[in-house]
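Going by the numbering used here, the sequence shown opens with residue 2, and the numbers climb by one from there.
Don't be surprised by glycine CBs; every beta carbon is placed ideally from N, CA and C.
Please read these numbers as outputs of a predicted model, since none were measured by experiment.
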Amino acid sequence: MNIKYNGDELSSDDIKALDAQYVMQTYGRFDVVIDKGKGSTLYSPEGKEYIDFTSGIGVNSIGYGNMKWAEAIYNQAVNLQHISNLFYSLPYAELAEILIKRSGMDKVFFSNAGGEANEGMIKLARKYSFDKYGPGRSTIVSLKQSFHGRTITTLAATGQESFHNYFFPFTEGFKHVPANDVAALKVLLSKANAAPAQVDGSLALAPEQPAEGVCGVLIELIQGEGGVLPLDPDYVLAVAEICREMDLLLLIDEVQTGVGRTGTLFAYQQYGISPDVVSFAKGIAGGLPMGGILANKKCSAVLTAGTHATTFGGNPIAAAGAVQVLTQLDDDALSGVVKKGEYITGAIRGWHLPCITEVRGKGLMIGVSLAGIAPKDAAAECVGDGLLILTAGADALRLLPPLTISFEEIDKGLDILKGVLIRVSANEGLE
Ligand SMILES: *Cc1c(COP(=O)(O)O)cnc(C)c1O
Numbered sequence: 002m003n004i005k006y007n008g009d010e011l012s013s014d015d016i017k018a019l020d021a022q023y024v025m026q027t028y029g030r031f032d033v034v035i036d037k038g039k040g041s042t043l044y045s046p047e048g049k050e051y052i053d054f055t056s057g058i059g060v061n062s063i064g065y066g067n068m069k070w071a072e073a074i075y076n077q078a079v080n081l082q083h084i085s086n087l088f089y090s091l092p093y094a095e096l097a098e099i100l101i102k103r104s105g106m107d108k109v110f111f112s113n114a115g116g117e118a119n120e121g122m123i124k125l126a127r128k129y130s131f132d133k134y135g136p137g138r139s140t141i142v143s144l145k146q147s148f149h150g151r152t153i154t155t156l157a158a159t160g161q162e163s164f165h166n167y168f169f170p171f172t173e174g175f176k177h178v179p180a181n182d183v184a185a186l187k188v189l190l191s192k193a194n195a196a197p198a199q200v201d202g203s204l205a206l207a208p209e210q211p212a213e214g215v216c217g218v219l220i221e222l223i224q225g226e227g228g229v230l231p232l233d234p235d236y237v238l239a240v241a242e243i244c245r246e247m248d249l250l251l252l253i254d255e256v257q258t259g260v261g262r263t264g265t266l267f268a269y270q271q272y273g274i275s276p277d278v279v280s281f282a283k284g285i286a287g288g289l290p291m292g293g294i295l296a297n298k299k300c301s302a303v304l305t306a307g308t309h310a311t312t313f314g315g316n317p318i319a320a321a322g323a324v325q326v327l328t329q330l331d332d333d334a335l336s337g338v339v340k341k342g343e344y345i346t347g348a349i350r351g352w353h354l355p356c357i358t359e360v361r362g363k364g365l366m367i368g369v370s371l372a373g374i375a376p377k378d379a380a381a382e383c384v385g386d387g388l389l390i391l392t393a394g395a396d397a398l399r400l401l402p403p404l405t406i407s408f409e410e411i412d413k414g415l416d417i418l419k420g421v422l423i424r425v426s427a428n429e430g431l432e
């Protein structure tokens, strides 16, 4: 049962000691070592059981011990693990076909992670504008409370002040507006982009013209790290319309919402919009590092040979895993995501606990706002009781279980969550 290391059996404490000694301490880890999993249940080296409401932050979309997925990546690994993008091979081409057919987009570019995918999306938007209008239109507008990654550029795109420390100077050319505020976006654009001058007859063109115009608007449809905050569907439609009128690219960051998480393959498919570029990552390969961007016909030829590349992008093993993920996430599985999401939100609302102020989200991306309890304290208590769970924003617990989680596992997890919230509320003297 225990992990063998240099012939010795290592306990959870031994593993934590190795981490403390040799790994940069950049993560505030929960006090748990995970050794293996089956379905949506995980086990420590000592055999303690945990229900997983995190899927490794939205990554392990088809759970643990998924044998078809494991066989697909094993078979690929023994044949060809990597060949570089200087040569052709089947797995990424097969994956590309599936993604394009199911998304309705035109072409895909593969990367390795979400931040890198968003970098590609930003480069694409800037080049689209440069090719068509020349220099002077390089700004990307994104939203307050957004999260787009940890690279210097995607941190600049991220609309949360707390991320804008230490690492100056950040990449130029990013502006943030409040979510769900069409007027604020229009004001910014009417100042930034001279022609077409006005998107709304009521807004006079501002006298001061910033040096750089806007080329794209970057949004998450449900802001994940920001607190599981869904955008207002009318706002999304208005943004799409403004982008169309002003020839700005509509850039949707689906790194967290994509790959079935909200009950459709991509969340934008529920908003009646046709994005120009969509990024994806987390859940795509079922636990292997992979990301990418999908572009529509208008801009799928913008990134030409030599303008964008990545060594590992489309890696055959990750691609073989992703093909399995998309095969298993068929229409039945996606409608299961919707049902499970409704079941979970219904159950939590039904507890009528005073410490819960809101349950929000879509599919299996669920935020539970707490009052009077720090989410990270509640999450740590849950972990102690055998439930892995995430936090988001200042006040929310976040649930991102594997999309294949069983109702039995959901019930076990919900029991633990309810027990913790009642206990912590009582300790805080809330009830
Ligand atoms: C996680 C996340 C990212 C960053 O992805 P990495 O793979 O960590 O680089 C970007 N955007 C959103 C919406 C995310 O949830």
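I153 versus R138: straight-line alpha-carbon distance, rounded: Locating residue 153 in the sequence shown gives position 152, counting from the first residue. Locating residue 138 in the sequence shown gives position 137, counting from the first residue. Distance between the alpha carbons of I153 and R138 is about 20 Å.
Unbroken alpha helix (DSSP H) run spanning I357, endpoints: Residue 357 sits at position 356 when you count from the first residue of the sequence shown. Unbroken run through I357 is the beta strand (DSSP E), 357 to 363; no alpha helix (DSSP H).
Close beta carbons around K69, own chain, < 6 Å, minus the five adjacent residues each side: Translated into the one-based positions of the sequence shown, residue 69 becomes position 68. Correct list, in chain order: Q325.
How is the alpha helix (DSSP H) around R350 delimited, first residue to last? Here the question's residue 350 lines up with position 349 in the sequence shown. Residues 332 to 351.
Determine the contact status of L125 and C356, defining contact as a CB-CB distance below 8 Å. Counted from its first residue, the sequence shown places residue 125 at position 124. Counted from its first residue, the sequence shown places residue 356 at position 355. Going by C-beta atoms, L125 is not nearer than 8 Å to C356.
Mind checking whether the beta-carbon of K283 lies closer than 7 Å to any heavy atom of ligand 1? Counting from 1 along the sequence shown, the entry for residue 283 is found at position 282. It does: the Cβ of K283 is within 7 Å (strictly closer) of some heavy atom of ligand 1.
Extent of the continuous beta strand (DSSP E) run through L219: Taking the first residue of the sequence shown as 1, we reach residue 219 at position 218. Segment 215 to 220, the beta strand (DSSP E) holding L219.
What's the gap between the Cα of A97 and the Cα of E255? The residue given as residue 97 occupies position 96 in the sequence shown. The residue given as residue 255 occupies position 254 in the sequence shown. So the alpha carbons of these two residues sit roughly 17 Å apart.
Below 7 Å, is the gap between the Cβ of E50 and the nearest heavy atom of ligand 1? If you number the sequence shown from 1, residue 50 lands on position 49. Flag unset: Cβ of E50 not near ligand 1.
Determine, using beta carbons only, whether N61 and G287 come nearer to each other than 8 Å. On the sequence shown, residue 61 is found 60 positions in, with the first residue counted as 1. On the sequence shown, residue 287 is found 286 positions in, with the first residue counted as 1. Contact flag set, yes.
Do P46 and D32 count as a contact pair if the criterion is CB distance below 8 Å? On the sequence shown, position 31 is the one that residue 32 refers to. On the sequence shown, position 45 is the one that residue 46 refers to. No, they are not a contact pair.
Between the Cα of G57 and those of D14, M106, K298, K283, spot the shortest distance and give me the residue it belongs to. Counting from one through the sequence shown, the residue named residue 57 turns up at place 56. Checked all of D14, M106, K298, K283; the closest Cα to G57 is K283.
Hey, how far is the Cα of V34 from the Cα of I52? Taking the sequence shown and counting its residues from 1, one reaches residue 34 at position 33. Taking the sequence shown and counting its residues from 1, one reaches residue 52 at position 51. If you take the alpha carbons of V34 and I52, they lie about 14 Å apart.
Compare the Cα-Cα distances from S12 to each of M25, K49, Y23, R30 and report the closest residue. Here residue 12 is taken as the residue at index 11 of the sequence shown, counted from 1. Measuring from the Cα of S12, the nearest candidate turns out to be K49.
How about I220 and I253: are their beta carbons less than 8 Å apart? Residue 220 sits at position 219 when you count from the first residue of the sequence shown. Residue 253 sits at position 252 when you count from the first residue of the sequence shown. For I220 and I253, yes; Cβs fall inside 8 Å.
What separation, rounded to the nearest whole angstrom, lies between the Cα atoms of D9 and R30? The sequence position of residue 9 within the sequence shown is 8, counting from 1. The sequence position of residue 30 within the sequence shown is 29, counting from 1. For D9 and R30, the distance between alpha carbons rounds to 25 Å.
For L230 and chain D, any beta-carbon pair shorter than 8 Å? Structure shown: chain D not included; a single protein chain is present.
Apart from the five residues just before and just after T155, which ones in its own chain have a Cβ nearer than 7 Å to its Cβ? As a first step, residue 155 is located in the sequence shown; it is residue number 154 there, counting from the start. Correct list, in chain order: G116, N119, E120, H149.
Please report the Cβ distance between L330 and L404, rounded to the nearest whole angstrom; I am assuming they are in contact, meaning their Cβ atoms lie under 8 Å. The residue labelled residue 330 in the question sits at position 329 within the sequence shown. The residue labelled residue 404 in the question sits at position 403 within the sequence shown. Correct: roughly 7 Å between the Cβ atoms.
Return the chain-ordered list of same chain residues with a C-beta closer than 8 Å to the C-beta of G420, the five sequence neighbours on each side being excluded. For the purposes of this step, residue 420 is taken as the residue at position 419 of the sequence shown. Around G420: D386.
Please tell me whether, using a cut-off of 7 Å, the distance from the CB of H165 to the nearest non-hydrogen atom of ligand 1 is below it. Working through the sequence shown from its first residue, we reach residue 165 at position 164. Checking every heavy atom of ligand 1 against the Cβ of H165, none is found closer than 7 Å.
Count the other CB atoms within 10 Å of the CB of V24; is the residue buried (16 or more) or exposed (fewer)? Residue 24 sits at position 23 when you count from the first residue of the sequence shown. Label assigned to V24: exposed.
Is it true that the region 81 to 98 meets the region 237 to 246, where meeting means three or more beta-carbon pairs spaced less than 8 Å apart? no
Could I get the ranges of all uninterrupted alpha helix (DSSP H) runs contained in the region 8 to 91, with 4 residues as the minimum, in chain order? 13 to 23, 56 to 59, 68 to 80
Using a Cβ distance threshold of 8 Å, determine whether the region 390 to 397 contacts the region 292 to 312, with at least three qualifying pairs required. no
Between the Cα of V218 and those of V183, L230, V229, spot the shortest distance and give me the residue it belongs to. Counted from its first residue, the sequence shown places residue 218 at position 217. Checked all of V183, L230, V229; the closest Cα to V218 is V183.
Checking 8 Å against the spacing of the C-beta atoms, do Y93 and G315 come in under that value? For the purposes of this step, residue 93 is identified with residue 92 of the sequence shown, where counting begins at 1. For the purposes of this step, residue 315 is identified with residue 314 of the sequence shown, where counting begins at 1. For Y93 and G315, yes; Cβs fall inside 8 Å.
Between which residues of its own chain and T263 is the CB-CB distance below 6 Å, once the five residues before and five after are set aside? Residue numbering aside, residue 263 sits at position 262 when the sequence shown is read from its first letter. The answer, listed in chain order, is K363, G364, M366.
Per DSSP, what kind of secondary structure is M106 in: helix, strand or coil? Within the sequence shown, the letter at position 105 stands for residue 106. It is coil, neither helix nor strand.
Going by C-alpha distance, which of F267, N181, E213 is nearest D235? Position 234 of the sequence shown, counting from 1, holds the residue named residue 235. Out of F267, N181, E213, N181 has the C-alpha closest to the C-alpha of D235.
Among residues of its own chain, excluding the 5 on either side of G414, which ones have a beta-carbon nearer than 6 Å to its beta-carbon? Your numbering for residue 414 matches position 413 in the sequence shown. Excluding positions up to five away in sequence, the list reads I52, F54, L388.
Pull up the DSSP beta-bridge partners for L230, would you. In the sequence shown, counting from the first residue as 1, residue 230 sits at position 229. DSSP lists Q224 as partners of L230.
Using C-beta distances below 6 Å, list every residue in its chain close to M122, excluding the 5 sequence neighbours before and after it, in chain order. Taking the first residue of the sequence shown as position 1, residue 122 is located at position 121. Contacts found: L252, V278, S280, I294.
Residues bridged to M366 by DSSP? The sequence position of residue 366 within the sequence shown is 365, counting from 1. In the DSSP output, where bridge partners are listed per residue, M366 has K363.
Do D20 and ligand 1 come close, with the Cβ less than 7 Å from some heavy atom? Within the sequence shown, residue 20 is the residue found at index 19, counting from 1. Result no, Cβ not under 7 Å from ligand 1.
Roughly how many whole angstroms lie between the Cα atoms of H353 and A268? As a first step, residue 353 is located in the sequence shown; it is residue number 352 there, counting from the start. As a first step, residue 268 is located in the sequence shown; it is residue number 267 there, counting from the start. Between H353 and A268, the C-alpha separation is close to 29 Å.
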